[in-house]
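In my numbering, the protein residues as written are 615 to 814.
What follows is the structure in C-alpha coordinates.
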(Lines of atoms letter the chains of each structure in order from A; the text may use other names.)
(Lines give C-alpha, C1' and ligand atoms only; values in the text may rest on other atoms or scores of the structure.)
Protein backbone atom coordinates (compact mmCIF):
# COMPACT_ATOMS: atom_id res chain seq x y z
CA UNK A 615 0.00 0.00 0.00
CA UNK A 616 1.12 3.50 -0.79
CA UNK A 617 1.73 6.63 1.15
CA UNK A 618 -0.73 9.12 -0.31
CA UNK A 619 1.30 12.26 0.19
CA UNK A 620 4.88 13.35 0.92
CA UNK A 621 5.59 14.16 4.54
CA UNK A 622 8.23 16.49 5.91
CA UNK A 623 8.14 14.85 9.33
CA UNK A 624 9.32 11.24 9.41
CA UNK A 625 8.62 9.01 12.36
CA UNK A 626 11.37 6.81 13.80
CA UNK A 627 9.20 3.74 14.07
CA UNK A 628 10.45 0.36 12.97
CA UNK A 629 9.64 -0.51 9.37
CA UNK A 630 6.81 -3.03 8.84
CA UNK A 631 7.52 -6.75 8.72
CA UNK A 632 9.48 -8.07 5.78
CA UNK A 633 7.41 -9.30 2.88
CA UNK A 634 8.25 -11.71 0.10
CA UNK A 635 6.70 -12.74 -3.17
CA UNK A 636 4.87 -15.95 -2.34
CA UNK A 637 4.30 -17.63 -5.70
CA UNK A 638 5.33 -17.83 -9.32
CA UNK A 639 8.56 -16.98 -11.11
CA UNK A 640 9.92 -14.68 -8.39
CA UNK A 641 8.78 -16.78 -5.44
CA UNK A 642 10.58 -16.01 -2.15
CA UNK A 643 12.05 -12.75 -3.49
CA UNK A 644 12.20 -10.26 -0.58
CA UNK A 645 10.54 -6.89 -1.14
CA UNK A 646 12.15 -3.78 0.39
CA UNK A 647 9.76 -2.05 2.80
CA UNK A 648 10.66 1.60 3.34
CA UNK A 649 9.80 3.35 6.60
CA UNK A 650 7.14 5.70 5.22
CA UNK A 651 3.92 7.07 6.71
CA UNK A 652 0.84 4.99 5.84
CA UNK A 653 2.89 2.22 4.20
CA UNK A 654 1.04 -1.01 5.00
CA UNK A 655 2.18 -3.92 2.81
CA UNK A 656 -0.50 -6.51 2.13
CA UNK A 657 0.36 -9.50 4.37
CA UNK A 658 1.37 -12.83 2.88
CA UNK A 659 -1.81 -14.53 4.09
CA UNK A 660 -4.04 -11.96 2.39
CA UNK A 661 -2.08 -12.09 -0.88
CA UNK A 662 -2.19 -15.87 -0.86
CA UNK A 663 -5.97 -15.78 -0.41
CA UNK A 664 -6.41 -13.18 -3.16
CA UNK A 665 -4.32 -15.07 -5.70
CA UNK A 666 -6.04 -18.34 -4.84
CA UNK A 667 -9.32 -16.58 -5.63
CA UNK A 668 -7.93 -15.26 -8.91
CA UNK A 669 -6.44 -18.61 -9.85
CA UNK A 670 -9.87 -20.21 -9.42
CA UNK A 671 -11.82 -17.47 -11.19
CA UNK A 672 -9.37 -17.18 -14.08
CA UNK A 673 -8.91 -20.93 -14.40
CA UNK A 674 -5.19 -20.57 -13.78
CA UNK A 675 -4.79 -18.34 -16.84
CA UNK A 676 -2.77 -15.25 -15.92
CA UNK A 677 -0.75 -14.82 -19.12
CA UNK A 678 -3.35 -12.73 -20.98
CA UNK A 679 -4.26 -10.49 -18.02
CA UNK A 680 -3.33 -6.85 -17.42
CA UNK A 681 -3.12 -5.47 -13.88
CA UNK A 682 -2.99 -1.99 -12.35
CA UNK A 683 -1.71 -1.61 -8.78
CA UNK A 684 -2.88 1.93 -8.05
CA UNK A 685 -1.27 2.31 -4.59
CA UNK A 686 1.82 0.18 -5.07
CA UNK A 687 3.82 0.99 -1.91
CA UNK A 688 6.17 -1.97 -1.41
CA UNK A 689 4.92 -3.56 -4.64
CA UNK A 690 3.67 -6.64 -2.80
CA UNK A 691 0.49 -6.92 -4.88
CA UNK A 692 1.80 -5.76 -8.25
CA UNK A 693 4.97 -7.86 -8.20
CA UNK A 694 2.97 -10.86 -6.99
CA UNK A 695 0.80 -10.50 -10.10
CA UNK A 696 3.89 -10.14 -12.29
CA UNK A 697 5.43 -13.22 -10.70
CA UNK A 698 2.30 -15.22 -11.58
CA UNK A 699 2.89 -14.33 -15.24
CA UNK A 700 0.42 -11.59 -16.12
CA UNK A 701 0.98 -9.89 -19.46
CA UNK A 702 1.43 -6.47 -17.86
CA UNK A 703 1.52 -5.06 -14.33
CA UNK A 704 1.51 -1.28 -13.92
CA UNK A 705 2.51 -0.09 -10.44
CA UNK A 706 1.63 3.51 -9.53
CA UNK A 707 3.29 5.07 -6.48
CA UNK A 708 3.18 8.70 -5.37
CA UNK A 709 6.21 8.66 -3.04
CA UNK A 710 9.33 9.22 -5.15
CA UNK A 711 11.59 7.15 -2.92
CA UNK A 712 9.18 4.23 -2.92
CA UNK A 713 8.80 4.49 -6.71
CA UNK A 714 12.60 4.48 -7.10
CA UNK A 715 12.82 1.39 -4.89
CA UNK A 716 10.20 -0.34 -7.05
CA UNK A 717 12.13 0.53 -10.21
CA UNK A 718 15.33 -0.88 -8.70
CA UNK A 719 13.52 -4.12 -7.89
CA UNK A 720 12.01 -4.30 -11.38
CA UNK A 721 15.47 -3.91 -12.92
CA UNK A 722 17.06 -6.44 -10.58
CA UNK A 723 14.42 -9.05 -11.42
CA UNK A 724 14.47 -8.23 -15.13
CA UNK A 725 10.69 -8.05 -14.93
CA UNK A 726 9.77 -7.00 -18.45
CA UNK A 727 6.05 -7.24 -17.70
CA UNK A 728 6.27 -4.55 -14.98
CA UNK A 729 6.05 -0.77 -15.45
CA UNK A 730 6.59 1.69 -12.59
CA UNK A 731 4.77 5.03 -12.65
CA UNK A 732 5.87 7.70 -10.16
CA UNK A 733 2.70 9.71 -9.64
CA UNK A 734 -0.72 10.07 -8.10
CA UNK A 735 -3.20 7.23 -8.60
CA UNK A 736 -6.15 9.52 -9.23
CA UNK A 737 -4.27 11.54 -11.85
CA UNK A 738 -3.04 8.38 -13.55
CA UNK A 739 -6.51 6.89 -13.73
CA UNK A 740 -7.99 10.15 -15.02
CA UNK A 741 -5.71 10.14 -18.06
CA UNK A 742 -5.22 6.40 -18.61
CA UNK A 743 -6.45 5.14 -21.95
CA UNK A 744 -5.74 1.48 -21.14
CA UNK A 745 -8.26 -0.85 -19.55
CA UNK A 746 -7.23 -3.51 -17.06
CA UNK A 747 -8.44 -7.00 -16.19
CA UNK A 748 -7.63 -6.35 -12.53
CA UNK A 749 -7.32 -3.08 -10.61
CA UNK A 750 -5.81 -3.30 -7.13
CA UNK A 751 -6.84 -0.65 -4.59
CA UNK A 752 -5.01 -0.71 -1.27
CA UNK A 753 -5.11 2.99 -0.28
CA UNK A 754 -4.09 4.60 3.01
CA UNK A 755 -6.79 4.21 5.63
CA UNK A 756 -8.64 7.14 7.15
CA UNK A 757 -8.31 9.49 4.17
CA UNK A 758 -11.49 8.74 2.18
CA UNK A 759 -9.45 7.54 -0.78
CA UNK A 760 -12.00 4.94 -1.87
CA UNK A 761 -14.78 7.50 -2.29
CA UNK A 762 -12.49 9.65 -4.40
CA UNK A 763 -10.97 7.00 -6.61
CA UNK A 764 -13.65 4.33 -7.10
CA UNK A 765 -15.40 5.99 -10.08
CA UNK A 766 -12.21 6.25 -12.13
CA UNK A 767 -11.04 2.80 -11.02
CA UNK A 768 -14.27 1.28 -12.29
CA UNK A 769 -13.86 3.12 -15.60
CA UNK A 770 -10.39 1.56 -15.93
CA UNK A 771 -11.73 -2.01 -15.88
CA UNK A 772 -12.25 -4.16 -18.92
CA UNK A 773 -15.76 -5.52 -19.45
CA UNK A 774 -16.01 -8.15 -16.72
CA UNK A 775 -12.74 -6.98 -15.13
CA UNK A 776 -12.06 -7.41 -11.43
CA UNK A 777 -11.50 -4.88 -8.66
CA UNK A 778 -9.64 -5.74 -5.45
CA UNK A 779 -10.16 -3.44 -2.46
CA UNK A 780 -8.66 -3.31 1.03
CA UNK A 781 -10.57 -1.21 3.56
CA UNK A 782 -11.05 -0.56 7.27
CA UNK A 783 -14.60 -1.95 7.16
CA UNK A 784 -16.70 -4.13 4.85
CA UNK A 785 -17.85 -2.33 1.72
CA UNK A 786 -20.94 -2.76 -0.43
CA UNK A 787 -20.54 -3.53 -4.10
CA UNK A 788 -20.65 -0.27 -6.09
CA UNK A 789 -23.30 -0.01 -8.82
CA UNK A 790 -22.29 -1.96 -11.89
CA UNK A 791 -20.30 -4.55 -9.91
CA UNK A 792 -20.88 -7.78 -8.04
CA UNK A 793 -19.06 -8.89 -4.90
CA UNK A 794 -17.36 -12.22 -5.60
CA UNK A 795 -15.34 -12.80 -2.44
CA UNK A 796 -14.57 -11.05 0.83
CA UNK A 797 -12.62 -11.85 3.97
CA UNK A 798 -10.94 -10.24 6.96
CA UNK A 799 -7.41 -10.46 8.35
CA UNK A 800 -6.73 -8.48 11.50
CA UNK A 801 -8.07 -4.97 10.96
CA UNK A 802 -8.13 -5.31 7.17
CA UNK A 803 -11.26 -6.17 5.22
CA UNK A 804 -10.49 -7.30 1.67
CA UNK A 805 -12.87 -7.73 -1.21
CA UNK A 806 -12.85 -8.97 -4.80
CA UNK A 807 -15.50 -7.55 -7.12
CA UNK A 808 -16.27 -7.96 -10.80
CA UNK A 809 -17.69 -5.40 -13.19
CA UNK A 810 -20.98 -6.55 -14.65
CA UNK A 811 -21.07 -7.09 -18.41
CA UNK A 812 -22.25 -4.07 -20.32
CA UNK A 813 -25.62 -4.41 -22.00
CA UNK A 814 -26.46 -2.90 -25.34
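C-beta atoms are modelled at their ideal positions from N, C-alpha and C, and glycine is treated no differently.
### Query
Should residue 633 and residue 645 be called a contact, given that it needs their Cβ atoms to be closer than 7 angstroms?
In the chain shown, residue 633 corresponds to position 19, counting from 1. In the chain shown, residue 645 corresponds to position 31, counting from 1. Taking 7 angstroms as the Cβ cut-off, residue 633 and residue 645 qualify as a contacting pair.
### For residue 812, three-class secondary structure by DSSP
Position 198 of the chain shown, counting from 1, holds the residue named residue 812. Of the three classes helix, strand and coil, the one that applies to residue 812 here is coil, per DSSP.
### Three-state secondary structure (DSSP) of residue 658
To locate residue 658, count along the chain shown from 1; it is residue 44. Residue state, collapsed to three classes: helix.
### Query
With 16 as the cutoff for other CB atoms within 10 Å, does residue 775 come out buried or exposed?
Residue mapping note: residue 775 aligns to position 161 of the chain shown, counting from 1. It is buried - the Cβ of residue 775 has at least 16 other Cβ atoms within 10 Å.
### Query
For residue 678, does the count of other Cβ atoms within 10 angstroms reach 16, so buried, or fall short, so exposed?
Numbered from 1 along the chain shown, position 64 holds the residue referred to as residue 678. Looking at its Cβ environment, which holds fewer than 16 other Cβ atoms inside 10 Å, residue 678 is exposed.
### Sequence-distant residues of its chain with Cβ nearer than 8 angstroms to residue 756 (five each side left out)
As a first step, residue 756 is located in the chain shown; it is residue number 142 there, counting from the start. Here the set comprises 782.
### Task
Return the chain-ordered list of same chain residues with a C-beta closer than 7 angstroms to the C-beta of residue 762, the five sequence neighbours on each side being excluded.
Within the chain shown, numbered from 1, the residue matching residue 762 stands at position 148. For residue 762, where only same-chain residues beyond five positions count, the Cβ hits under 7 angstroms are 736.
### Task
Tell me whether residue 788 sits in a helix, a strand or coil according to DSSP, three-state version.
Within the chain shown, numbered from 1, the residue matching residue 788 stands at position 174. Coil at residue 788, not helix or strand.
### Euclidean distance between Cα positions of residue 786 and residue 698
The residue labelled residue 786 in the question sits at position 172 within the chain shown. The residue labelled residue 698 in the question sits at position 84 within the chain shown. So the two alpha carbons sit approximately 29 angstroms from each other.
#### Entry: Same chain only: Cβ atoms within 8 angstroms of residue 740, ignoring 5 sequence neighbours per side
The residue you call residue 740 lines up with position 126 of the chain shown. Excluding positions up to five away in sequence, the list reads 766.
### Task
Determine the DSSP secondary structure at residue 767, reduced to helix, strand or coil.
Walking along the chain shown from the start, residue 767 turns up at place 153. It is helical.
### Query
By Cβ distance below 6 angstroms, which residues in the same chain neighbour residue 692 in space, the five residues on each side in sequence not counted?
Stepping through the chain shown from its first residue, residue 692 is reached at position 78. Result list for residue 692: 683, 686, 703 and 705, in chain order.
### Alpha carbon of residue 642 to alpha carbon of residue 694, nearest angstrom
What you label residue 642 is simply residue 28 of the chain shown in a count that begins at 1. What you label residue 694 is simply residue 80 of the chain shown in a count that begins at 1. Using only the alpha carbons, I get a separation of about 10 angstroms.
### Query
Is DSSP giving residue 801 helix, strand or coil here?
Position 187 of the chain shown, counting from 1, holds the residue named residue 801. It is coil, neither helix nor strand.
### Query
What are the uninterrupted segments assigned as beta strand (DSSP E) that are 3 or more residues long and contained completely in the segment 715 to 743, given in chain order?
728 to 732
### Message
Can you give me the C-alpha to C-alpha distance between residue 807 and residue 722, rounded to a whole angstrom?
### Response
Translated into positions along the chain shown, residue 807 becomes position 193. Translated into positions along the chain shown, residue 722 becomes position 108. Spanning the two alpha carbons is a distance of roughly 33 angstroms.
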